[in-house]
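Heads up, the thing below is written out as structure tokens.
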Amino acid sequence: MAEGKLLLEIVTPQGLIFSQEVDEVTAAGTEGEFGVLPGHVPFVTTLKIGMLACKVGSETKIFFVNWGYAEIGPEKVLILADSAERSDEIDVERAKAAMKRAEERLQKAADIDFARAESAVERAVTRIQIADLRRAK
Amino acid sequence: MATLRDIKRRIKAVQSTSKITKAMKMVAASKFRRAQQRMFEMRPYADRMNGVLSGLAGSAEGETHPLLAVRPRRKVEILVLTSDRGLCGAFNANILKAATRHAAELRAEGFEVVMSSVGRKARDFFKRRGISLRNSWVGISGKISYANAQEIAGDIIATYTEEAVDEVILVYNEFKSVVAQKVVIARLLPLAPIETAEEDTLPVYNFIYEPSMKGIFEQLVPKNVEIQVFRALLESQASEEAARMSAMENATKAANEMIGSLTLQYNKARQASITKELMDIVGGVEALKG
Numbered sequence: 032m033a034e035g036k037l038l039l040e041i042v043t044p045q046g047l048i049f050s051q052e053v054d055e056v057t058a059a060g061t062e063g064e065f066g067v068l069p070g071h072v073p074f075v076t077t078l079k080i081g082m083l084a085c086k087v088g089s090e091t092k093i094f095f096v097n098w099g100y101a102e103i104g105p106e107k108v109l110i111l112a113d114s115a116e117r118s119d120e121i122d123v124e125r126a127k128a129a130m131k132r133a134e135e136r137l138q139k140a141a142d143i144d145f146a147r148a149e150s151a152v153e154r155a156v157t158r159i160q161i162a163d164l165r166r167a168k
Numbered sequence: 238m239a240t241l242r243d244i245k246r247r248i249k250a251v252q253s254t255s256k257i258t259k260a261m262k263m264v265a266a267s268k269f270r271r272a273q274q275r276m277f278e279m280r281p282y283a284d285r286m287n288g289v290l291s292g293l294a295g296s297a298e299g300e301t302h303p304l305l306a307v308r309p310r311r312k313v314e315i316l317v318l319t320s321d322r323g324l325c326g327a328f329n330a331n332i333l334k335a336a337t338r339h340a341a342e343l344r345a346e347g348f349e350v351v352m353s354s355v356g357r358k359a360r361d362f363f364k365r366r367g368i369s370l371r372n373s374w375v376g377i378s379g380k381i382s383y384a385n386a387q388e389i390a391g392d393i394i395a396t397y398t399e400e401a402v403d404e405v406i407l408v409y410n411e412f413k414s415v416v417a418q419k420v421v422i423a424r425l426l427p428l429a430p431i432e433t434a435e436e437d438t439l440p441v442y443n444f445i446y447e448p449s450m451k452g453i454f455e456q457l458v459p460k461n462v463e464i465q466v467f468r469a470l471l472e473s474q475a476s477e478e479a480a481r482m483s484a485m486e487n488a489t490k491a492a493n494e495m496i497g498s499l500t501l502q503y504n505k506a507r508q509a510s511i512t513k514e515l516m517d518i519v520g521g522v523e524a525l526k527g
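Protein chains in written order, with our numbering: chain A, 32 to 168; chain B, 238 to 527.
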């Protein structure tokens, strides 16, 4: 392992999404956003629906993470996520459609699973935000 | 006796059947490869999750989780995994037989048994027998996603934590090889105690836990149930396609054999009719000579 690098691994039930040495990782934990540099104190947290960014040299890679567990060691970051997508893999049209569906459900609000609809909206919004961020660059 | 034309028609029919079964076999083969691929893809996740859980269980001394606690058994739920589509040999029959037998055994021991199922075949089977299902999921085989597993696991966990049932048993086909599937009856809930990692296999860090170790453990244990359900679904899917492959292979073979024997019969009949015609001609000639 190269000195001053972090091994970032993102694993989902659909397979190993990403495994590479990076310089810096930023992720959205349930208790707030946090950044990790090599030599971080060992740290375990859960991730909420959100963005995960990592820096390799001058390049920044962005991922969408749908719930996750993160285990951080001095030279390794392990992310176990329900699902994760690279920012350029995000299907914006699908996310928009999902948002519309979920919002309609929330509006009717009779006997729906409120938490489920809400997290569907959150997922869609986050996906769209990440995709926008990438296009803005 | 069957006329030449009848035999020819039958040969044609069997030939087209054999074409269809051959095509179905090829489709099953490609679906099977995909299913197997997905089984391999989820393995790293399951491995790491196990590692993490055993690490946590080791450090969480005496920490218990409702899904790990063993309660006195009174009511048992059996979740049966079958396919939506048929034409896969004894795949569904084996599973349903095993599930019915297991349910009968449990009833004989004095437990109350509830059934739930995945797949159209199981639902129809129990419906025909007038057995009510607590819940059933159809239309997911062939396009199983992790979200399906989450939905099923979520429902089962809810039923279990409400104490509507005290144990949940999974009955599914485990994939052994292309020619062999094994019916497995395994306990899903309460979860088997998580083995504690051995000291020297994991680097011992003094982790900081956010929000708290208990909170994280509580989120991860249900994930483990989801993974087990997902794995069973994928195993069942791969087994189904493998079973369909060999069933279609056998059907194609049988069809080809039938074509062979029909062709033989056809040729015999053809020769008999030629011989008969010849004899008629010879007879006619002899008569004219007379």
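Glycine included, each C-beta is placed from N, C-alpha and C at the ideal position.
Asked: Listed from N- to C-terminal order along the chain, which residues in the segment 62-85 of chain A have their beta-carbon within a distance smaller than 7 Å of any beta-carbon of chain B?; Found: E62, V72, P73, F74, V75, T76, T77
Asked: Is S476 (chain B) buried or exposed, if buried means 16 or more other CB atoms sit within 10 Å of its CB?; Found: buried
Asked: Look up S114 (chain A) in the DSSP assignment and give the residues it is bridged to.; Found: A:N97
Asked: Quick one: is D163 (chain A) buried, meaning 16 or more other Cβ sit within 10 Å of its Cβ, or exposed?; Found: exposed
Asked: May I have a chain-ordered list of the beta strand (DSSP E) segments no shorter than 3 residues that lie completely inside the segment 331-411 of chain B?; Found: 349-355, 370-374
Asked: Taking 8 Å as the cut-off, decide whether the C-beta atoms of R468 (chain B) and M279 (chain B) are in contact.; Found: yes
Asked: Can you pull the DSSP bridge partners for G63 (chain A)?; Found: A:G60
Asked: Tell me which same chain residues have a C-beta within less than 7 Å of the C-beta of N493 (chain B), skipping the five on either side of it?; Found: S255
Asked: Look at the alpha carbon of G288 (chain B) and the alpha carbon of L111 (chain A), and state the distance between them as a whole number of angstroms.; Found: 11 Å
Asked: Counting pairs of beta carbons, one from the segment 335-346 of chain B and one from the segment 259-277 of chain B, are three or more of them closer than 8 Å?; Found: no
Asked: Only counting the same chain, and skipping five residues up and downstream in sequence, which positions put a Cβ closer than 8 Å to that of M533 (chain B)?; Found: The structure shown has nothing for residue 533 (chain B), since chain B only spans 238 to 527.
Asked: How about N331 (chain B) and S353 (chain B): are their beta carbons less than 8 Å apart?; Found: no
Asked: Which bits of chain B does T43 (chain A) rub up against, with CB to CB less than 7 Å?; Found: Y282
Asked: Specify the secondary structure class of K86 (chain A) as computed by DSSP and reduced to three states.; Found: strand
Asked: With DSSP collapsed to three states, give me the class of T77 (chain A).; Found: strand
Asked: So, with DSSP's three-state summary, where would you put G497 (chain B)?; Found: helix
Asked: Is I453 (chain B) close to chain A? Criterion is C-beta to C-beta, closer than 8 Å.; Found: yes
Asked: A509 (chain B): buried (16+ other C-beta within 10 angstroms of its C-beta) or exposed?; Found: exposed
Asked: So L499 (chain B) and I244 (chain B) are supposed to be a Cβ contact under 8 Å. How far apart are they, rounded?; Found: 6 Å
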